[in-house]
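Student: In the numbering used here, the protein residues as written are 318 to 772. Structure in structure tokens, see below.
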Amino acid sequence: MATKAKTLFYCTSCGNESPKWMGRCPACGEWNTMVEAPVEPKKGPAALAGRGGARSDRRPQPLREIDYSQDARISLGLGEVDRILGGGMVPGSLVLIGGEPGIGKSTLSLQIPLSCPNLRTLYVTGEESAKQVGMRAKRLGGDDSNCQIFCETLIGTVIEEARALMPDLMIVDSVQTMYTDTVESAPGSVSQIKEVAAALLRFAKESGVPVILIGHITKDGFIAGPKILEHIVDVVLQFEGENRGSYRILRSIKNRFGSTAELAVFEMTGTGLREVANPSEMLIPMHEQGLSGTAIAAMLDGTRPLLFEVQALVSSAVYGTAQRSATGFDARRLNMLLAVLEKRAGFHLSAKDVFLNMAGGLKVSDPACDLAVICAVLSSNFDFAIPSDVCFAGEVGLSGEIRPVGQIDRRVQEAARLGFKRFFVSSFSKVEVKPEGLRVIKVADVPALVKALFK
Numbered sequence: 318m319a320t321k322a323k324t325l326f327y328c329t330s331c332g333n334e335s336p337k338w339m340g341r342c343p344a345c346g347e348w349n350t351m352v353e354a355p356v357e358p359k360k361g362p363a364a365l366a367g368r369g370g371a372r373s374d375r376r377p378q379p380l381r382e383i384d385y386s387q388d389a390r391i392s393l394g395l396g397e398v399d400r401i402l403g404g405g406m407v408p409g410s411l412v413l414i415g416g417e418p419g420i421g422k423s424t425l426s427l428q429i430p431l432s433c434p435n436l437r438t439l440y441v442t443g444e445e446s447a448k449q450v451g452m453r454a455k456r457l458g459g460d461d462s463n464c465q466i467f468c469e470t471l472i473g474t475v476i477e478e479a480r481a482l483m484p485d486l487m488i489v490d491s492v493q494t495m496y497t498d499t500v501e502s503a504p505g506s507v508s509q510i511k512e513v514a515a516a517l518l519r520f521a522k523e524s525g526v527p528v529i530l531i532g533h534i535t536k537d538g539f540i541a542g543p544k545i546l547e548h549i550v551d552v553v554l555q556f557e558g559e560n561r562g563s564y565r566i567l568r569s570i571k572n573r574f575g576s577t578a579e580l581a582v583f584e585m586t587g588t589g590l591r592e593v594a595n596p597s598e599m600l601i602p603m604h605e606q607g608l609s610g611t612a613i614a615a616m617l618d619g620t621r622p623l624l625f626e627v628q629a630l631v632s633s634a635v636y637g638t639a640q641r642s643a644t645g646f647d648a649r650r651l652n653m654l655l656a657v658l659e660k661r662a663g664f665h666l667s668a669k670d671v672f673l674n675m676a677g678g679l680k681v682s683d684p685a686c687d688l689a690v691i692c693a694v695l696s697s698n699f700d701f702a703i704p705s706d707v708c709f710a711g712e713v714g715l716s717g718e719i720r721p722v723g724q725i726d727r728r729v730q731e732a733a734r735l736g737f738k739r740f741f742v743s744s745f746s747k748v749e750v751k752p753e754g755l756r757v758i759k760v761a762d763v764p765a766l767v768k769a770l771f772k
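Put into structure tokens, the structure is as follows:
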């Protein structure tokens with residue numbers, strides 16, 4: 318009689334192991350994250366030698382004796398990607414790029430070697446054949462003279478080939494298709510992803526070759542596999558955007574060598590992803606003037622100022638309870654701002670439906686957008702169009718006061734460069750730059766704003 322294979326339950330959020338299934342992980346407290354996976358067979362000394370079991374020649378080294386001055390960052394040929402990485406890839410780093418199917422992960426990963434032919438690149442594909450990759454490379458264009466395509470899914474063979482070739486950059490598409498024969502489970506399982514990521518991490522750190530991993534995401538928008546995968550890698554980048562739209566946003570989720578408050582914008586074209594160096598030009602109004610319910614907000618995402626359109630619609634409530642809906646903005650914060658308008662400024666909006674939308678599919682968390690949200694709501698309520706050459710940056714407090722926001726000079730300079738004439742800020746903001754043609758208007762509270770804007 319055949320014996321039943323032993324299994325363990327892994328938490329996909331933190332990687333905790335349990336001999337039985339539990340609804341809630343005892344380590345991280347997440348619900349419904351336990352998945353079943355086969356138990357790895359015990360390995361002898363010979364089997365463990367390739368996994369770090371054998372004694373190596375490395376010894377502890379004093380920190381002051383480590384020479385790190387020679388490791389310059391590696392440019393990938395795409396300015397926006399270099400910027401979001403913090404100035405290029407660090408040698409020996411492990412970068413994970415995640416996103417929905419069809420969002421452009423494989424396109425971006427192939428554009429990197431085509432845009433930077435001075436790097437010897439090993440492109441490992443487990444999802445497509447060499448002919449399919451070649452067809453995409455022909456469509457994208459670029460210089461393909463220094464890119465090697467390797468169709469393989471066994472991670473041991475991949476690392477052996479990489480050690481023999483010693484490329485300047487290795488790209489693996491995707492980590493869920495790779496597997497190791499030391500684990501008796503299917504590719505993409507928790508055990509396989511953990512072992513594959515650990516093997517690639519050892520190779521990257523020992524050889525100094527930077528590695529880019531492509532990862533799938535779940536229906537909830539998280540990177541597929543155990544959460545330990547994101548802990549292992551050095552950088553996590555996530556592609557966002559609608560497949561039906563042309564614009565994509567590459568956002569930094571984790572970065573050990575740079576800021577996590579950066580984003581890069583791309584436009585999907587017939588010849589691949591085009592870098593959008595100035596996202597404000599695509600986010601500002603694309604309609605005729607004279608429409609009510611719109612206002613321009615000056616947001617700061619990382620070090621990049623973005624000017625985009627806030628859209629609001631205020632109408633009489635059809636049902637007994639007024640609706641509150643926000644797309645790309647925190648609905649609880651919208652309710653707070655509406656309460657401030659009701660209590661501090663005397664606008665009766667409790668019996669009206671309020672719908673809010675951030676144009677361009679942006680997800681906004683900068684409190685500097687509060688001022689534009691209030692102005693867009695009031696513009697729709699009064700059916701009064703705000704001039705298209707006016708923009709806003711300010712945080713609204715519970716007392717109705719308008720509070721200053723950080724790096725106001727960068728926002729002012731971006732507004733002046735795009736041709737805006739008036740800029741509303743808090744009266745406590747210290748604006749040191751005074752661009753020609755732009756008038757900075759300081760307001761202390763919401764009633765003062767209404768008087769200055771809608772008079």
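Yeah, the Cβ is synthetic: ideal placement off N, Cα and C, and Gly gets one too. In this text, all values refer to a predicted model and were calculated from it rather than measured experimentally.
(1) Taking the DSSP output, what are the residues bridged to Met-585?
(2) Excluding the five sequence neighbours on either side, which residues of its own chain have a C-beta within less than 8 Å of the C-beta of Leu-600, listed in chain order?
(3) Is it right to say Pro-377 is buried, meaning 16 or more other beta carbons lie within 10 angstroms of its own, or is it exposed?
(4) What did DSSP end up calling Met-339 once you bin it into helix, strand or coil?
(5) Between the C-alpha atoms of Val-489 and Pro-596, what's the straight-line distance to the nearest angstrom?
(6) So what does DSSP say about Met-351, is it helix, strand or coil?
(7) Can you tell me whether Glu-469 is helix, strand or coil according to DSSP?
(8) Quick one: measure Cβ to Cβ for Leu-554 and Val-412, integer angstroms, because I've assumed they're closer than 8 Å.
(9) Kindly indicate which residue of Ala-503, Cys-328 and Ile-703 has the alpha-carbon position closest to the one of Cys-345.
(10) Give me the Cα-Cα distance between Glu-718 and Gly-558, rounded to the nearest whole angstrom.
(11) Alpha helix (DSSP H) containing Cys-433: first to last residue?
(12) Are Cys-692 and Met-616 touching if we call contact CB-CB under 7 Å?
(13) Please work out which residues of its chain come closer than 7 Å, Cβ to Cβ, to Cys-468, disregarding the five sequence neighbours upstream and downstream, and give them in chain order.
(14) From Gly-367 to Met-339, what distance separates their C-alpha atoms?
(15) According to DSSP, is Leu-382 helix, strand or coil?
(16) Alpha carbon to alpha carbon, how far is Val-748 from Ala-662? Give it in angstroms, no decimals.
(17) On the three-state DSSP scale, how would you describe Asn-674?
(18) Using the beta-carbon count (16 or more within 10 Å), is Phe-771 buried or exposed?
(19) Measure the C-alpha to C-alpha separation of Ser-392 and Val-526 and round it to an integer number of angstroms.
(20) So, are the CB atoms of Ile-466 and Val-450 less than 7 Å apart?
(21) Can you give me the start and stop residues for the alpha helix (DSSP H) that Glu-626 sits inside?
(22) Got a sec? Which residues, its chain only, sit under 7 Å from Asp-461 by beta carbon, not counting five neighbours each side?
(23) What first and last residue would you give for the beta strand (DSSP E) that runs through Gln-555?
(24) Label Gln-271 either buried or exposed according to how many other C-beta atoms from any shown protein chain fall within 10 Å of its C-beta, with 16 as the threshold for buried.
(25) Looking only at its own chain, which residues have a Cβ that is under 7 Å from the Cβ of Glu-731, when we skip the five neighbours before and after it?
(26) Terminal residues of the continuous alpha helix (DSSP H) containing Asp-490?
(27) What span of residues does the alpha helix (DSSP H) with Ala-765 cover, start to end?
(28) To which residues of the same chain is Leu-766 closer than 6 Å at the C-beta, ignoring the five residues directly before and after it?
(29) Can you tell me whether Phe-701 is helix, strand or coil according to DSSP?
(30) Which same chain residues end up closer than 8 Å to Pro-721 when comparing Cβ atoms and leaving out the 5 residues on each side of it in sequence?
(31) What number of angstroms, rounded off, separates the C-alpha of Ile-758 from the C-alpha of Leu-425?
(32) What are the boundary residues of the beta strand (DSSP E) that includes Gly-525?
(33) Considering only residues of the same chain and omitting the five flanking positions on each side of Ser-609, which have a CB-CB separation below 7 Å?
(34) Is the CB-CB distance between Ser-716 and Lys-544 below 7 Å?
(35) Beta strand (DSSP E) containing Lys-759: first to last residue?
Tutor: Quick look at the numbers:
(1) Answer is Leu-590, bridged to Met-585.
(2) Setting aside the 5 residues that flank it on each side, Leu-600 is surrounded in the same chain by Leu-623, Leu-624, Phe-625, Glu-626, Ala-676, Gly-677 and Leu-679, each with a C-beta closer than 8 Å to its C-beta; the list follows chain order.
(3) That one is exposed.
(4) In the structure shown, Met-339 sits in coil (DSSP, three-state: anything other than H, G, I, E or B).
(5) In this structure, the straight-line span from the alpha carbon of Val-489 to that of Pro-596 is close to 29 Å.
(6) Judged by DSSP in its simplified three-state form, Met-351 adopts strand.
(7) Coil at Glu-469, not helix or strand.
(8) At roughly 7 Å, the Cβ-Cβ gap stays under 8 Å, so Leu-554 and Val-412 are in contact.
(9) Considering only Ala-503, Cys-328 and Ile-703, the residue with the shortest C-alpha distance to Cys-345 is Cys-328.
(10) Glu-718 and Gly-558: Cα-Cα distance of roughly 35 Å.
(11) Premise fails: Cys-433 is in no alpha helix (DSSP H) and is neither H nor E.
(12) Their beta carbons are not under 7 Å apart, which means Cys-692 does not touch Met-616 by this criterion.
(13) Excluding positions up to five away in sequence, the list reads Thr-442, Ser-446 and Ala-447.
(14) With a pLDDT of 44 at Gly-367, under the threshold of 50, the predicted position of this residue should be treated as unreliable, though the coordinate-derived value follows. Each residue's Cα considered, the two are about 34 Å apart.
(15) Note on identity: in this sequence residue 382 is Glu, with Leu being the wrong assignment. DSSP places Glu-382 in the helix class (H, G or I) of the three-state scheme.
(16) Distance from the CA of Ala-662 to the CA of Val-748, rounded to the nearest whole angstrom, comes to 27 Å.
(17) Three-state result, Asn-674: strand.
(18) Per the 10 Å Cβ criterion, exposed.
(19) One alpha carbon belongs to Ser-392, the other to Val-526, and they sit about 13 Å apart.
(20) It is a contact, given that the beta carbons lie within the stated cut-off.
(21) Element bounds for Glu-626: not the alpha helix (DSSP H) but the beta strand (DSSP E), 621-633.
(22) Same-chain partners within the cutoff: Leu-431 and Ala-454.
(23) Segment 552-557, the beta strand (DSSP E) holding Gln-555.
(24) Since the first residue shown for the chain is 318 and the last is 772, residue 271 is missing from the structure and cannot be characterised.
(25) Residues of the same chain with a CB within less than 7 Å of the CB of Glu-731, apart from the 5 flanking positions on each side, are Ser-597, Ala-615, Pro-622 and Leu-624 in chain order.
(26) Boundaries for Asp-490: no alpha helix (DSSP H) harbours it, while the beta strand (DSSP E) harbouring it runs 486-490, taken from the DSSP string.
(27) 763-770 is the span of the alpha helix (DSSP H), which, as asked, contains Ala-765.
(28) Within its own chain, the residues whose Cβ lies closer than 6 Å to the Cβ of Leu-766, once the five positions on either side in sequence are excluded, are Val-760, listed in chain order.
(29) Coil.
(30) Within the same chain, Pro-721 has close Cβ partners Gly-711, Glu-712, Val-742, Ser-743, Phe-745, Ser-746 and Lys-747.
(31) Going by the C-alpha atoms only, they are around 43 Å apart.
(32) No residue range can be given for Gly-525, since it is assigned to no beta strand (DSSP E) and is classified by DSSP as neither H nor E.
(33) Ser-696, Ser-697, Asp-700, Phe-701 and Ala-702.
(34) It is not a contact, given that the beta carbons lie outside the stated cut-off.
(35) Looking at the DSSP string, the run of the beta strand (DSSP E) that includes Lys-759 is 756-760.
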